[in-house]
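Encoded as structure tokens, the structure appears first; notes follow it.
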Amino acid sequence: MSMQTARPPERGDFIRDIVAADLQAGRSKTVVTRFPPEPNGYLHIGHAKAICLNFGIAREFGGRCHLRFDDTNPIKEEQEYIDAIQADVRWLGFDWGEHLYFASDYFEQLYAWAVELIRAGKAYVDDLSADEIREHRGTLTAPGRNSPWRDRSVEENLDLFERMRQGEFPNGARVLRARLDMTAPNINLRDPVLYRIAHVEHPRTGDAWCIYPTYDFAHGQSDAIEGITHSICTLEFEVHRPLYDWLIESLPVPSRPRQYEFARLNLTHTVLSKRVLLRLVNEGHVRGWDDPRMPTISGMRRRGVPAEGIRDFAAMIGVSKADSVVEVGQFEHAVRDVLNRTAPRRFAILDPLKVVIEDYPEGQTEEMEVANNPEDPSAGTRKVAFTRELWIERDDFRDEPPPKFFRLAPGREVRLRSAYFVTCREVVKDASGAVIELRCTYDPATRGGDAPDGRRPKATLHWVSAAHAAPAEVRLYDHLFADPYPGADGRDLFGNLNPASETVLRGCLVEPSLVGAPIGETVQFERLGYFSPDPDSTPQYPVFNRTLTLKDTWAKVQAQANTGS
Ligand code: ATP
Ligand code: MG
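Numbering (this note's numbering), first residue to last: 246 to 810.
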């Protein structure tokens, strides 16, 4: 029996409980879910939550999950989005197999069902304009009023609906509405619109149609056609559920899906709305839908976020019915967790300062053995060339070190990672007094990074050989919105864009193994953060995006919460 093949979920939630109970009681033989994006933009991290939920449930309970494009509004929909959405779901690690569907595949069937509703006296053609319909709808406190066209005969409705389809009327001239109850307390039941006229080319059906079903009319019926058992959506659809059920019960649909709602994901410093994301793109605030600052799946991928990090985050936040805002730091924590385990360590200098080791033989090169990942011995080691002239991070030196600054300073000894201890003997400055070079000496007995006498410098620095270093560009990223709650309390969304959300560094120098690093492989620049090659890289000149810094403020907050009162 199917329930025996159903494995318990790794972590329960109220939707998984419902699915498990339905399988247990035999109300569903198998679970069939769907992810139903509208192809009017790229997917964002909120969609990722819905994807992990729908595909995750199907996987855990041995069912299946469909990818269905809700392509009912051709005014805003494009093939580019259809392609991008499929690539993003795949990249996230999910597979719909043969079950790729489009609501537009059902247009003929939906039309036939609309005709049945008219025949049953449950739908009518309304000549009111959109404004008049809104005006007749009433408010939360005031009932609506019937349209003067509400009592047309079935014959007249059939004739007009047919002529709507034939293209006789201009956009907005007429709509098809359900005949429900204009005084219903739930506004969604006040004769909702089922069909609109739109003389617009559709990405898939071309000019075959000039009337298009609304979400409300298309969605539940598409679920029924596909045999969806659990139609999972976000809370804003809760008030649509009575209409969903009414349509399913009014029509001879082939199966009986049920809708369940969960709270959408909200993140601090982030806006999850395709409408706003589209504006960011169109107004040139970002490099495109896949800009590394965008909360889109493609933006996160370009930034170097591993799919596993997004899936872990979804599992970590879980699913509930209560609206909340998740700290973006929690997302970063999940991503760091994966990267800390998996990202190879590399040496890169963002703001280079020259170091000359005066007593190191000129022309000599030593291959230093450097661990690829101290967290993972199986990641092995690599050879990094060491020479007399090196670059270190400018920030790792202070001419006059403040208290607690343990890195390099005049007269001080530090360790160069996996190489030698060096001591700063002289500081070379230019005419303006800026430090341009450090003259150091080294201790040959410390090769590999340990002293036979057991002395331990307080700081270990990363470095690259000047003769071997490769130039690179590095792009540092910060929140796109400085405000943790962008647009809250009527604040202007676009007035709040963080001017420092992107900083481009051009004179960076990286170890040669980073040239030609594959796109999609995120590395740790030791002591600096996680970085990932950008598609703007060329074979000669790599460009890196900073995925995240190393600092995990979320972990600190958690630790404080746990140890605090
Ligand atoms: P947006 O509000 O960003 O424009 P949308 O809801 O219009 O998104 P759809 O393409 O209709 O986008 O969404 C597809 C599915 O993803 C829906 O089932 C929707 O409920 C879900 N979804 C959208 N945003 C979120 C979110 N922030 N958290 C969880 N699920 C979401
Ligand atoms: Mg939507």
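The beta carbon of each residue, even a glycine, is placed where N, CA and C say it ideally should be.
Handout entry: Same chain only: Cβ atoms within 7 Å of Ala293, ignoring 5 sequence neighbours per side
Key = Position 48 of the sequence shown, counted from the start, is the residue given in the question as residue 293. These residues qualify, in order along the chain: Leu337, Ile542, Ile555 and Ala559.
Exercise for the section: Evaluate Tyr786 with the Cβ neighbour count: other Cβ atoms within 10 Å of its Cβ, from every protein chain shown; 16 or more gives buried, anything less gives exposed. Expected result: Position 541 of the sequence shown, counting from 1, holds the residue named residue 786. By the C-beta density criterion, Tyr786 is exposed, having fewer than 16 other C-beta atoms within 10 angstroms.
Problem - Residues near Pro729 in its chain [Cβ-Cβ closer than 7 Å; skip 5 each side] - result: Working through the sequence shown from its first residue, we reach residue 729 at position 484. Thr513 and His514.
Practice task
Count the other C-beta atoms from every protein chain shown that fall within 10 angstroms of the C-beta of Arg546, then say buried if there are 16 or more, exposed otherwise.
Solution key: Indexing the sequence shown from 1 puts residue 546 at position 301. Under this definition Arg546 is a buried residue.
Handout entry: N- and C-terminal bounds of the beta strand (DSSP E) containing Gln769
Key = Position 524 of the sequence shown holds residue 769. Element bounds for Gln769: Val768 to Phe770.
Handout entry: Residue-chain proximity (Asn318, chain D), Cβ-Cβ < 8 Å
Key = Any reference to chain D falls outside this structure, which holds one protein chain only.
Exercise for the section: Along the beta strand (DSSP E) that carries Ile764, what are the first and last residues, could you check? Expected result: To locate residue 764, count along the sequence shown from 1; it is residue 519. Premise fails: Ile764 is in no beta strand (DSSP E) and is neither H nor E.
Handout entry: Cβ-heavy atom distance, Lys519 to ligand 1, below 7 Å
Key = In the sequence shown, residue 519 corresponds to position 274, counting from 1. It does: the Cβ of Lys519 is within 7 Å (strictly closer) of some heavy atom of ligand 1.
Problem - Terminal residues of the alpha helix (DSSP H) in which Arg575 lies - result: As a first step, residue 575 is located in the sequence shown; it is residue number 330 there, counting from the start. Going by the sequence as given, residue 575 is Gln instead of Arg. First-last of the alpha helix (DSSP H) with Gln575: Val573 to Thr587.
Problem - Under the three-state DSSP convention, the category Cys669 falls into - result: The residue given as residue 669 occupies position 424 in the sequence shown. Residue state, collapsed to three classes: strand.
Practice task
Say yes only if the C-beta of Pro199 is nearer than 7 Å to one or more non-hydrogen atoms of ligand 1, and no if none qualify.
Solution key: Because the chain here runs from 246 to 810, residue 199 falls outside it and cannot be looked at.
Practice task
Measuring alpha carbon to alpha carbon, tell me which of Phe631, Arg652 and Leu268 ends up nearest Arg639.
Solution key: Working through the sequence shown from its first residue, we reach residue 639 at position 394. Taking only the C-alpha atoms, the option nearest Arg639 is Arg652.
Exercise for the section: Look at the alpha carbon of Pro282 and the alpha carbon of Asp315, and state the distance between them as a whole number of angstroms. Expected result: On the sequence shown, residue 282 is found 37 positions in, with the first residue counted as 1. On the sequence shown, residue 315 is found 70 positions in, with the first residue counted as 1. Taking the straight line joining both Cα atoms gives about 6 Å.
Exercise for the section: Leaving aside the five residues before and after Gln411 along the sequence, list all residues of the same chain whose C-beta is less than 7 Å from its C-beta, in chain order. Expected result: Taking the first residue of the sequence shown as position 1, residue 411 is located at position 166. None.
Handout entry: C-alpha gap between Asp644 and Asp535, whole angstroms
Key = Position 399 of the sequence shown holds residue 644. Position 290 of the sequence shown holds residue 535. Asp644 and Asp535: Cα-Cα distance of roughly 42 Å.
Practice task
Could you tell me whether any non-hydrogen atom of ligand 1 is closer than 7 Å to the CB of Gly301?
Solution key: For this step, residue 301 is matched to residue 56 along the sequence shown. Because no heavy atom of ligand 1 lies under 7 Å away, the Cβ of Gly301 does not count as near it: no.
Practice task
Go to Phe259, then tell me how far its alpha helix (DSSP H) extends in each direction, as first and last residue.
Solution key: Here residue 259 refers to the residue found at position 14 when the sequence shown is read from its first residue. Looking at the DSSP string, the run of the alpha helix (DSSP H) that includes Phe259 is Phe259 to Gln269.
Practice task
Determine, using beta-carbon pairs with one atom in the region 579-588 and one in the region 596-610, whether at least three such pairs fall under 8 Å.
Solution key: no
Problem - Which residues DSSP lists as bridging Gln504, in chain order - result: As a first step, residue 504 is located in the sequence shown; it is residue number 259 there, counting from the start. DSSP, once it has assigned bridges, lists Ser476 as partnering Gln504.
Problem - For Val531, the three-state DSSP class (helix, strand or coil) - result: Here residue 531 is taken as the residue at index 286 of the sequence shown, counted from 1. DSSP places Val531 in coil when its eight states are reduced to three.
Problem - Integer-rounded CB distance, given that Leu795 should sit under 8 Å from Val564 - result: Within the sequence shown, numbered from 1, the residue matching residue 564 stands at position 319. Within the sequence shown, numbered from 1, the residue matching residue 795 stands at position 550. Contact flag wrong, Cβ pair sits at about 30 Å.
Exercise for the section: Report back the beta-carbon spacing between Ala593 and Glu612 to the nearest angstrom; my notes put them in contact at under 8 Å. Expected result: Taking the first residue of the sequence shown as position 1, residue 593 is located at position 348. Taking the first residue of the sequence shown as position 1, residue 612 is located at position 367. 19 Å between Cβ atoms; not a contact.
Exercise for the section: Could you say which of Pro763, Val760 and Thr792 lies nearest to Tyr775 if we only look at CA atoms? Expected result: Taking the first residue of the sequence shown as 1, we reach residue 775 at position 530. Ranking the options by Cα distance to Tyr775, first place goes to Thr792.
Practice task
Measure how close the beta-carbons of Arg419 and Asp452 come, nearest whole angstrom, since I'm counting them as under 8 Å.
Solution key: Sequence index remark: in the sequence shown, residue 419 carries index 174 (1-based). Sequence index remark: in the sequence shown, residue 452 carries index 207 (1-based). Rounded, the Cβ-Cβ distance is 19 Å, inconsistent with contact.
Handout entry: Given 8 Å, three or more beta-carbon pairs between the region 273-287 and the region 467-475
Key = yes
Problem - Beta-carbon gap between Val571 and Asn617 smaller than 8 Å - result: The sequence position of residue 571 within the sequence shown is 326, counting from 1. The sequence position of residue 617 within the sequence shown is 372, counting from 1. No, the pair does not count as a contact, with Cβ atoms beyond the cut-off.
Practice task
Measure the Cβ-Cβ separation of His707 and Pro757 and say whether it is below 8 Å.
Solution key: The residue labelled residue 707 in the question sits at position 462 within the sequence shown. The residue labelled residue 757 in the question sits at position 512 within the sequence shown. In this structure, Pro757 does not lie closer than 8 Å to His707 by Cβ.
Practice task
Determine contact between the region 680-694 and the region 757-767, defined as no fewer than three beta-carbon pairs at a distance below 8 Å.
Solution key: The region 680-694 vs the region 757-767: no contact.
Practice task
Look up Arg791 in the DSSP assignment and say whether it is helix, strand or coil.
Solution key: Residue mapping note: residue 791 aligns to position 546 of the sequence shown, counting from 1. DSSP places Arg791 in strand when its eight states are reduced to three.
Practice task
Could you work out which residue in Pro619, Tyr605 and Thr479 is closest to Ser194 when comparing CA atoms only?
Solution key: It is not possible to answer for residue 194, since the shown part of the chain is limited to 246 through 810.
Problem - Where Arg652 sits in the DSSP three-state scheme - result: Here residue 652 refers to the residue found at position 407 when the sequence shown is read from its first residue. In the structure shown, Arg652 sits in coil (DSSP, three-state: anything other than H, G, I, E or B).
Handout entry: Cβ neighbours of Arg252 in the same chain (closer than 8 Å, five flanking residues each side left out)
Key = Against the sequence shown, residue 252 aligns to sequence position 7. For Arg252, the pLDDT reaches just 40, beneath the cut-off of 50, and the residue's location in the model is therefore unreliable, although a value from the coordinates is still provided. Excluding sequence neighbours, Arg252 sits near Glu305, Phe306 and Gly307.
Practice task
Could you check how far apart the C-beta atoms of Val768 and Arg591 are, in whole angstroms? I think they sit under 8 Å.
Solution key: What you label residue 768 is simply residue 523 of the sequence shown in a count that begins at 1. What you label residue 591 is simply residue 346 of the sequence shown in a count that begins at 1. With a Cβ gap of about 5 Å, Val768 and Arg591 count as contacting.
Problem - Boundaries (first-last residue) of the beta strand (DSSP E) holding Glu612 - result: Working through the sequence shown from its first residue, we reach residue 612 at position 367. Segment Glu611 to Ala616, the beta strand (DSSP E) holding Glu612.
Problem - Enclosing beta strand (DSSP E) for Val484 [first to last residue] - result: Position 239 of the sequence shown, counted from the start, is the residue given in the question as residue 484. Val484 -> no beta strand (DSSP E), and no H or E assigned at all.
Problem - Own chain, CB closer than 8 Å to Thr626, minus 5 neighbours either side, in chain order - result: As a first step, residue 626 is located in the sequence shown; it is residue number 381 there, counting from the start. So the list reads Glu614, Val615, Ala616 and Asn617, once near-sequence residues are dropped.
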